[in-house]
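Asker:
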Amino acid sequence: MLIYILKRIALMLPTLLGVLTVAFIVIQFVPGGPVEQIMAQARTGAGGAYKARGDVNEKQIEELKKLYGFDKPAHVRYVEMLKNFATFNLGNSFMQNKPVWTLIKEKLPVSISLGLWTFLISYLISVPLGIAKAVREGSSFDVASTFFVMFGFAIPGFVLGVLLIVLFCGGTYWEVFPLRGLASDNWHELSWGARVVDYFWHLTLPLTCLVIGSFAEMTMLTKNTFIEEMRKQYVLVARAKGLSQQRVLWKHMLRNALIPIITGFPAAFIAAFFSGALLIESLFTLDGLGLLSYEAIVRRDFPVVLGSLYLFTLIGLVVKLIADLTYVFVDPRVQFQAVAK
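Each residue of the sequence shown is one higher than the one before, counting from 693 in the numbering used here.
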(Lines of atoms letter the chains of each structure in order from A and count residues from 1; the text may use other names and numbers.)
(Lines give C-alpha, C1' and ligand atoms only; values in the text may rest on other atoms or scores of the structure.)
Protein backbone atom coordinates (compact mmCIF):
# COMPACT_ATOMS: atom_id res chain seq x y z
CA MET A 1 0.00 0.00 0.00
CA LEU A 2 2.80 2.42 0.89
CA ILE A 3 4.52 1.89 -2.47
CA TYR A 4 1.27 2.59 -4.31
CA ILE A 5 0.65 5.79 -2.34
CA LEU A 6 4.20 6.99 -2.96
CA LYS A 7 3.84 6.34 -6.69
CA ARG A 8 0.61 8.29 -6.82
CA ILE A 9 2.13 11.21 -4.92
CA ALA A 10 5.07 11.18 -7.34
CA LEU A 11 2.59 11.46 -10.23
CA MET A 12 0.74 14.32 -8.52
CA LEU A 13 3.75 16.63 -8.57
CA PRO A 14 4.19 16.87 -12.37
CA THR A 15 0.42 17.19 -12.78
CA LEU A 16 0.25 20.05 -10.32
CA LEU A 17 3.32 21.66 -11.86
CA GLY A 18 1.82 21.37 -15.34
CA VAL A 19 -1.44 23.01 -14.31
CA LEU A 20 0.35 25.92 -12.64
CA THR A 21 2.74 26.34 -15.56
CA VAL A 22 -0.01 26.50 -18.16
CA ALA A 23 -2.03 28.93 -16.04
CA PHE A 24 1.01 31.16 -15.46
CA ILE A 25 1.84 31.24 -19.19
CA VAL A 26 -1.75 32.08 -20.12
CA ILE A 27 -1.83 34.91 -17.59
CA GLN A 28 1.21 36.50 -19.22
CA PHE A 29 -0.78 37.05 -22.41
CA VAL A 30 -4.06 38.16 -20.85
CA PRO A 31 -4.72 41.85 -21.65
CA GLY A 32 -5.89 44.34 -19.07
CA GLY A 33 -3.79 43.36 -16.08
CA PRO A 34 -3.91 45.15 -12.72
CA VAL A 35 -1.47 47.84 -13.85
CA GLU A 36 -3.52 48.59 -16.97
CA GLN A 37 -6.74 48.66 -14.96
CA ILE A 38 -5.40 51.18 -12.45
CA MET A 39 -4.00 53.28 -15.29
CA ALA A 40 -7.43 53.28 -16.94
CA GLN A 41 -9.10 54.25 -13.67
CA ALA A 42 -6.63 57.09 -13.21
CA ARG A 43 -7.21 58.43 -16.70
CA THR A 44 -10.99 58.29 -16.39
CA GLY A 45 -11.13 59.46 -12.77
CA ALA A 46 -12.72 56.18 -11.65
CA GLY A 47 -10.86 56.17 -8.37
CA GLY A 48 -8.17 53.90 -7.02
CA ALA A 49 -4.79 54.67 -5.52
CA TYR A 50 -3.84 57.03 -8.35
CA LYS A 51 -6.30 59.85 -8.95
CA ALA A 52 -6.67 61.46 -12.33
CA ARG A 53 -4.29 64.31 -12.88
CA GLY A 54 -3.98 64.03 -16.62
CA ASP A 55 -2.19 61.00 -18.00
CA VAL A 56 -0.33 58.58 -15.78
CA ASN A 57 3.38 59.32 -16.11
CA GLU A 58 6.15 56.80 -16.53
CA LYS A 59 7.24 57.07 -12.92
CA GLN A 60 3.81 56.08 -11.66
CA ILE A 61 3.72 53.17 -14.10
CA GLU A 62 7.06 51.92 -12.80
CA GLU A 63 5.82 52.26 -9.22
CA LEU A 64 2.76 50.19 -10.07
CA LYS A 65 4.84 47.49 -11.76
CA LYS A 66 7.16 47.33 -8.76
CA LEU A 67 4.18 47.22 -6.39
CA TYR A 68 2.71 44.17 -8.16
CA GLY A 69 6.07 42.55 -8.93
CA PHE A 70 5.86 43.04 -12.69
CA ASP A 71 9.25 44.75 -12.74
CA LYS A 72 10.83 41.27 -12.58
CA PRO A 73 11.20 38.93 -15.58
CA ALA A 74 8.50 36.32 -16.04
CA HIS A 75 10.79 33.36 -15.25
CA VAL A 76 11.84 34.99 -11.96
CA ARG A 77 8.19 35.51 -10.95
CA TYR A 78 7.42 31.93 -11.96
CA VAL A 79 10.18 30.49 -9.74
CA GLU A 80 9.12 32.73 -6.85
CA MET A 81 5.53 31.55 -7.25
CA LEU A 82 6.58 27.89 -7.07
CA LYS A 83 8.74 28.53 -4.00
CA ASN A 84 5.87 30.31 -2.24
CA PHE A 85 3.34 27.65 -3.17
CA ALA A 86 5.69 24.93 -1.91
CA THR A 87 5.35 26.50 1.56
CA PHE A 88 1.61 27.19 1.03
CA ASN A 89 2.20 30.92 0.80
CA LEU A 90 -0.48 31.96 -1.68
CA GLY A 91 0.48 35.63 -1.68
CA ASN A 92 -1.68 38.75 -1.33
CA SER A 93 -4.61 39.89 -3.42
CA PHE A 94 -3.84 42.79 -5.76
CA MET A 95 -7.29 44.32 -5.50
CA GLN A 96 -8.34 43.60 -1.91
CA ASN A 97 -4.91 43.90 -0.27
CA LYS A 98 -5.47 40.78 1.81
CA PRO A 99 -3.70 37.41 1.95
CA VAL A 100 -5.28 34.92 -0.44
CA TRP A 101 -5.58 32.43 2.42
CA THR A 102 -7.62 34.98 4.38
CA LEU A 103 -9.97 35.56 1.44
CA ILE A 104 -10.47 31.82 0.92
CA LYS A 105 -11.24 31.28 4.62
CA GLU A 106 -13.72 34.18 4.56
CA LYS A 107 -15.59 32.71 1.58
CA LEU A 108 -15.35 29.07 2.64
CA PRO A 109 -18.44 28.96 4.95
CA VAL A 110 -20.75 29.86 2.05
CA SER A 111 -19.24 27.23 -0.24
CA ILE A 112 -19.35 24.65 2.57
CA SER A 113 -23.05 25.36 3.07
CA LEU A 114 -23.84 24.94 -0.61
CA GLY A 115 -21.54 21.96 -1.15
CA LEU A 116 -22.46 19.98 1.95
CA TRP A 117 -26.20 20.24 1.50
CA THR A 118 -25.99 19.67 -2.26
CA PHE A 119 -23.99 16.49 -1.65
CA LEU A 120 -26.28 15.16 1.09
CA ILE A 121 -29.55 15.92 -0.66
CA SER A 122 -28.31 14.59 -4.01
CA TYR A 123 -27.26 11.25 -2.50
CA LEU A 124 -30.36 10.96 -0.30
CA ILE A 125 -32.50 11.36 -3.42
CA SER A 126 -30.47 9.59 -6.09
CA VAL A 127 -29.52 6.35 -4.30
CA PRO A 128 -33.03 5.35 -3.14
CA LEU A 129 -34.50 6.52 -6.46
CA GLY A 130 -31.92 4.54 -8.43
CA ILE A 131 -32.64 1.38 -6.42
CA ALA A 132 -36.39 1.84 -6.90
CA LYS A 133 -35.90 2.29 -10.65
CA ALA A 134 -33.72 -0.83 -10.88
CA VAL A 135 -36.26 -2.98 -9.01
CA ARG A 136 -39.07 -1.65 -11.21
CA GLU A 137 -37.13 -1.62 -14.48
CA GLY A 138 -39.38 -1.06 -17.48
CA SER A 139 -42.41 -0.08 -15.38
CA SER A 140 -44.35 3.14 -15.79
CA PHE A 141 -42.60 4.44 -12.64
CA ASP A 142 -39.20 3.81 -14.22
CA VAL A 143 -40.14 5.53 -17.47
CA ALA A 144 -41.79 8.53 -15.79
CA SER A 145 -38.97 9.04 -13.29
CA THR A 146 -36.37 8.77 -16.05
CA PHE A 147 -38.17 11.49 -17.99
CA PHE A 148 -38.18 13.86 -15.03
CA VAL A 149 -34.58 13.06 -14.09
CA MET A 150 -33.34 13.69 -17.63
CA PHE A 151 -35.50 16.80 -17.94
CA GLY A 152 -33.97 18.24 -14.77
CA PHE A 153 -30.48 17.26 -15.91
CA ALA A 154 -31.00 18.99 -19.28
CA ILE A 155 -31.87 22.34 -17.70
CA PRO A 156 -28.74 24.37 -16.92
CA GLY A 157 -28.60 25.43 -13.29
CA PHE A 158 -28.26 29.13 -14.05
CA VAL A 159 -31.28 29.03 -16.41
CA LEU A 160 -33.36 27.42 -13.67
CA GLY A 161 -31.98 30.02 -11.27
CA VAL A 162 -33.15 32.89 -13.46
CA LEU A 163 -36.57 31.29 -13.74
CA LEU A 164 -36.84 30.83 -9.97
CA ILE A 165 -35.76 34.43 -9.36
CA VAL A 166 -38.41 35.71 -11.76
CA LEU A 167 -41.08 33.55 -10.14
CA PHE A 168 -40.24 33.66 -6.42
CA CYS A 169 -37.87 36.57 -5.72
CA GLY A 170 -40.10 39.48 -6.66
CA GLY A 171 -38.91 39.57 -10.27
CA THR A 172 -42.36 39.42 -11.85
CA TYR A 173 -44.66 37.27 -9.76
CA TRP A 174 -44.16 36.40 -6.07
CA GLU A 175 -41.64 37.63 -3.54
CA VAL A 176 -41.28 34.52 -1.41
CA PHE A 177 -37.54 33.90 -1.11
CA PRO A 178 -34.62 36.30 -0.51
CA LEU A 179 -32.19 37.05 -3.30
CA ARG A 180 -29.02 37.87 -1.40
CA GLY A 181 -26.78 36.14 1.17
CA LEU A 182 -27.41 33.22 3.53
CA ALA A 183 -28.89 35.18 6.43
CA SER A 184 -31.22 38.10 7.00
CA ASP A 185 -29.99 41.44 8.29
CA ASN A 186 -31.53 40.78 11.72
CA TRP A 187 -30.15 37.24 11.98
CA HIS A 188 -28.29 37.94 15.23
CA GLU A 189 -31.53 39.09 16.83
CA LEU A 190 -33.38 35.87 16.04
CA SER A 191 -33.79 32.83 18.26
CA TRP A 192 -31.91 29.64 17.38
CA GLY A 193 -34.97 28.05 15.83
CA ALA A 194 -35.68 31.15 13.78
CA ARG A 195 -32.03 31.24 12.67
CA VAL A 196 -32.24 27.68 11.34
CA VAL A 197 -35.43 28.50 9.43
CA ASP A 198 -33.90 31.70 8.07
CA TYR A 199 -30.76 29.86 6.98
CA PHE A 200 -32.63 27.21 5.00
CA TRP A 201 -35.03 29.85 3.67
CA HIS A 202 -32.06 31.56 2.02
CA LEU A 203 -30.63 28.24 0.81
CA THR A 204 -33.80 26.91 -0.82
CA LEU A 205 -33.45 28.33 -4.33
CA PRO A 206 -29.65 27.95 -4.74
CA LEU A 207 -29.83 24.35 -3.51
CA THR A 208 -32.71 23.61 -5.87
CA CYS A 209 -30.59 24.76 -8.82
CA LEU A 210 -27.55 22.74 -7.72
CA VAL A 211 -29.35 19.54 -6.72
CA ILE A 212 -31.53 19.19 -9.81
CA GLY A 213 -28.49 19.19 -12.06
CA SER A 214 -26.32 16.93 -9.90
CA PHE A 215 -28.44 13.96 -8.83
CA ALA A 216 -29.38 12.67 -12.31
CA GLU A 217 -26.00 11.08 -13.01
CA MET A 218 -25.87 9.36 -9.63
CA THR A 219 -29.46 8.12 -10.02
CA MET A 220 -28.71 6.45 -13.34
CA LEU A 221 -25.40 5.06 -12.03
CA THR A 222 -27.20 3.50 -9.06
CA LYS A 223 -29.89 2.04 -11.28
CA ASN A 224 -27.46 0.55 -13.82
CA THR A 225 -25.22 -0.86 -11.09
CA PHE A 226 -28.10 -2.65 -9.38
CA ILE A 227 -29.42 -3.96 -12.69
CA GLU A 228 -25.97 -5.36 -13.49
CA GLU A 229 -25.82 -7.06 -10.09
CA MET A 230 -29.32 -8.54 -10.57
CA ARG A 231 -28.10 -10.43 -13.65
CA LYS A 232 -25.10 -12.03 -11.93
CA GLN A 233 -25.05 -15.71 -11.09
CA TYR A 234 -25.00 -15.41 -7.28
CA VAL A 235 -28.27 -13.44 -7.39
CA LEU A 236 -29.90 -16.02 -9.66
CA VAL A 237 -28.77 -18.79 -7.31
CA ALA A 238 -30.15 -16.92 -4.29
CA ARG A 239 -33.50 -16.53 -6.00
CA ALA A 240 -33.49 -20.18 -7.05
CA LYS A 241 -33.14 -21.10 -3.38
CA GLY A 242 -36.43 -19.36 -2.70
CA LEU A 243 -35.14 -16.20 -1.03
CA SER A 244 -37.43 -13.22 -1.25
CA GLN A 245 -36.55 -10.28 -3.48
CA GLN A 246 -36.12 -7.99 -0.49
CA ARG A 247 -33.70 -10.42 1.19
CA VAL A 248 -31.69 -10.83 -2.01
CA LEU A 249 -31.61 -7.08 -2.55
CA TRP A 250 -30.59 -5.95 0.93
CA LYS A 251 -28.45 -8.88 2.09
CA HIS A 252 -26.70 -10.11 -1.06
CA MET A 253 -26.71 -7.34 -3.65
CA LEU A 254 -26.45 -4.13 -1.65
CA ARG A 255 -22.77 -4.28 -0.70
CA ASN A 256 -21.52 -5.12 -4.19
CA ALA A 257 -23.84 -2.69 -5.93
CA LEU A 258 -22.86 0.21 -3.68
CA ILE A 259 -19.11 -0.18 -4.30
CA PRO A 260 -18.97 2.27 -7.26
CA ILE A 261 -21.19 4.71 -5.36
CA ILE A 262 -19.25 4.57 -2.11
CA THR A 263 -15.90 4.97 -3.87
CA GLY A 264 -17.28 8.06 -5.57
CA PHE A 265 -18.09 9.74 -2.23
CA PRO A 266 -14.79 11.65 -1.83
CA ALA A 267 -14.77 13.05 -5.36
CA ALA A 268 -18.48 13.90 -5.30
CA PHE A 269 -18.14 15.55 -1.89
CA ILE A 270 -15.33 17.84 -3.03
CA ALA A 271 -16.92 18.47 -6.42
CA ALA A 272 -20.03 19.74 -4.67
CA PHE A 273 -17.90 22.50 -3.11
CA PHE A 274 -15.87 23.65 -6.10
CA SER A 275 -17.78 22.87 -9.29
CA GLY A 276 -20.96 24.29 -10.68
CA ALA A 277 -21.45 26.88 -7.95
CA LEU A 278 -19.79 29.83 -9.72
CA LEU A 279 -22.84 30.92 -11.69
CA ILE A 280 -25.24 30.09 -8.86
CA GLU A 281 -23.23 32.12 -6.35
CA SER A 282 -23.08 35.02 -8.79
CA LEU A 283 -26.77 34.75 -9.60
CA PHE A 284 -27.93 34.69 -5.98
CA THR A 285 -25.15 37.02 -4.73
CA LEU A 286 -23.65 34.42 -2.41
CA ASP A 287 -20.17 35.46 -1.34
CA GLY A 288 -18.41 32.11 -1.71
CA LEU A 289 -15.37 30.66 -3.45
CA GLY A 290 -17.09 30.58 -6.83
CA LEU A 291 -17.88 34.29 -6.75
CA LEU A 292 -14.36 35.00 -5.44
CA SER A 293 -12.79 33.15 -8.38
CA TYR A 294 -15.06 34.84 -10.90
CA GLU A 295 -14.32 38.33 -9.60
CA ALA A 296 -10.59 37.55 -9.47
CA ILE A 297 -10.62 36.56 -13.14
CA VAL A 298 -12.62 39.61 -14.19
CA ARG A 299 -10.43 42.00 -12.18
CA ARG A 300 -7.19 40.23 -13.16
CA ASP A 301 -6.36 39.53 -9.54
CA PHE A 302 -3.67 37.02 -10.47
CA PRO A 303 -2.57 35.93 -6.96
CA VAL A 304 -6.16 34.93 -6.15
CA VAL A 305 -6.54 33.15 -9.51
CA LEU A 306 -3.29 31.20 -9.20
CA GLY A 307 -3.64 30.59 -5.46
CA SER A 308 -7.18 29.25 -5.80
CA LEU A 309 -6.19 27.12 -8.79
CA TYR A 310 -3.24 25.66 -6.88
CA LEU A 311 -5.35 24.86 -3.84
CA PHE A 312 -8.27 23.37 -5.79
CA THR A 313 -5.99 21.29 -8.00
CA LEU A 314 -4.10 19.95 -5.01
CA ILE A 315 -7.35 19.05 -3.25
CA GLY A 316 -8.63 17.37 -6.40
CA LEU A 317 -5.51 15.22 -6.75
CA VAL A 318 -5.57 14.19 -3.08
CA VAL A 319 -9.28 13.35 -3.26
CA LYS A 320 -8.68 11.22 -6.35
CA LEU A 321 -6.06 9.26 -4.39
CA ILE A 322 -8.48 8.87 -1.47
CA ALA A 323 -11.16 7.62 -3.87
CA ASP A 324 -8.80 4.95 -5.25
CA LEU A 325 -7.80 3.89 -1.73
CA THR A 326 -11.47 3.72 -0.75
CA TYR A 327 -12.13 1.42 -3.69
CA VAL A 328 -9.41 -0.97 -2.51
CA PHE A 329 -10.70 -0.97 1.06
CA VAL A 330 -14.34 -1.48 0.04
CA ASP A 331 -13.73 -4.17 -2.58
CA PRO A 332 -11.52 -6.98 -1.19
CA ARG A 333 -11.04 -8.35 -4.73
CA VAL A 334 -8.79 -5.39 -5.55
CA GLN A 335 -5.25 -5.65 -4.18
CA PHE A 336 -2.68 -2.87 -3.78
CA GLN A 337 -0.03 -5.09 -5.32
CA ALA A 338 -2.08 -5.43 -8.50
CA VAL A 339 -2.98 -1.75 -8.64
CA ALA A 340 0.60 -0.61 -8.10
CA LYS A 341 1.94 -2.57 -11.11
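A virtual CB, placed ideally from N, CA and C, is assigned to each residue, including glycine. Remember, predicted model here, so these are calculated numbers, not experimental data.
Cutting at 8 Å between CB atoms, please list the residues of its own chain near residue 974, excluding the five before and the five after it.
Answerer: Here the question's residue 974 lines up with position 282 in the sequence shown. Within the same chain, residue 974 has close Cβ partners 982, 983, 986.
Asker: Helix, strand or coil for residue 973, going by three-state DSSP, please let me know.
Answerer: Within the sequence shown, residue 973 is the residue found at index 281, counting from 1. Three-state result, residue 973: helix.
Asker: State yes or no: is the C-beta of residue 915 within less than 8 Å of the C-beta of residue 825?
Answerer: As a working mapping, residue 915 is identified with position 223 in the sequence shown. As a working mapping, residue 825 is identified with position 133 in the sequence shown. Judged by their CB atoms, residue 915 and residue 825 are nearer to each other than the 8 Å cut-off.
Asker: Can you tell me the Cα-Cα spacing of residue 895 and residue 787, whole angstroms?
Answerer: For this step, residue 895 is matched to residue 203 along the sequence shown. For this step, residue 787 is matched to residue 95 along the sequence shown. Their Cα atoms are separated by approximately 29 Å.
Asker: Reducing DSSP to helix, strand and coil, say where residue 829 ends up.
Answerer: Taking the first residue of the sequence shown as position 1, residue 829 is located at position 137. Assigned with DSSP and collapsed to three states, residue 829 falls in coil, not helix or strand.
Asker: Would you tell me roughly how many angstroms separate the C-alpha atoms of residue 939 and residue 836, rounded to the nearest one?
Answerer: Your numbering for residue 939 matches position 247 in the sequence shown. Your numbering for residue 836 matches position 144 in the sequence shown. Approximately 27 Å between the Cα atoms of the pair.
Asker: Looking at residue 972 and residue 807, is the spacing between their C-beta atoms short of 8 Å?
Answerer: On the sequence shown, residue 807 is found 115 positions in, with the first residue counted as 1. On the sequence shown, residue 972 is found 280 positions in, with the first residue counted as 1. Against a cut-off of 8 Å, the Cβ pair of residue 972 and residue 807 comes out as no contact.
Asker: Which residues share a DSSP beta bridge with residue 867?
Answerer: Translated into the one-based positions of the sequence shown, residue 867 becomes position 175. Beta bridge pairing from DSSP links residue 867 with 861.
Asker: How is the alpha helix (DSSP H) around residue 772 delimited, first residue to last?
Answerer: Locating residue 772 in the sequence shown gives position 80, counting from the first residue. Counting along the chain, the alpha helix (DSSP H) containing residue 772 begins and ends at 766 to 778.
Asker: Just to confirm before moving on: does the CB-CB distance between residue 869 and residue 884 stay below 8 Å?
Answerer: Position 177 of the sequence shown, counting from 1, holds the residue named residue 869. Position 192 of the sequence shown, counting from 1, holds the residue named residue 884. No. Outside cutoff.
Asker: Exposed or buried, which one is residue 771 when buried takes at least 16 other CB atoms within 10 Å?
Answerer: On the sequence shown, residue 771 is found 79 positions in, with the first residue counted as 1. With fewer than 16 other Cβ atoms from the protein chains shown falling within 10 Å of its own Cβ, residue 771 counts as exposed.
Asker: Between the alpha carbons of residue 709 and residue 978, how many angstroms are there, rounded?
Answerer: As a first step, residue 709 must be located in the sequence shown, where it is residue number 17. As a first step, residue 978 must be located in the sequence shown, where it is residue number 286. Using only the alpha carbons, I get a separation of about 31 Å.
Asker: Decide if residue 815 is buried, meaning its Cβ has at least 16 other Cβ atoms within 10 Å, or exposed.
Answerer: Residue mapping note: residue 815 aligns to position 123 of the sequence shown, counting from 1. Per the 10 Å Cβ criterion, buried.
Asker: What are the boundary residues of the alpha helix (DSSP H) that residue 925 is part of?
Answerer: Position 233 of the sequence shown holds residue 925. Here the alpha helix (DSSP H) through residue 925 covers 925 to 932.
Asker: Between the C-alpha atoms of residue 1005 and residue 711, what's the straight-line distance to the nearest angstrom?
Answerer: Working through the sequence shown from its first residue, we reach residue 1005 at position 313. Working through the sequence shown from its first residue, we reach residue 711 at position 19. For residue 1005 and residue 711, the distance between alpha carbons rounds to 8 Å.
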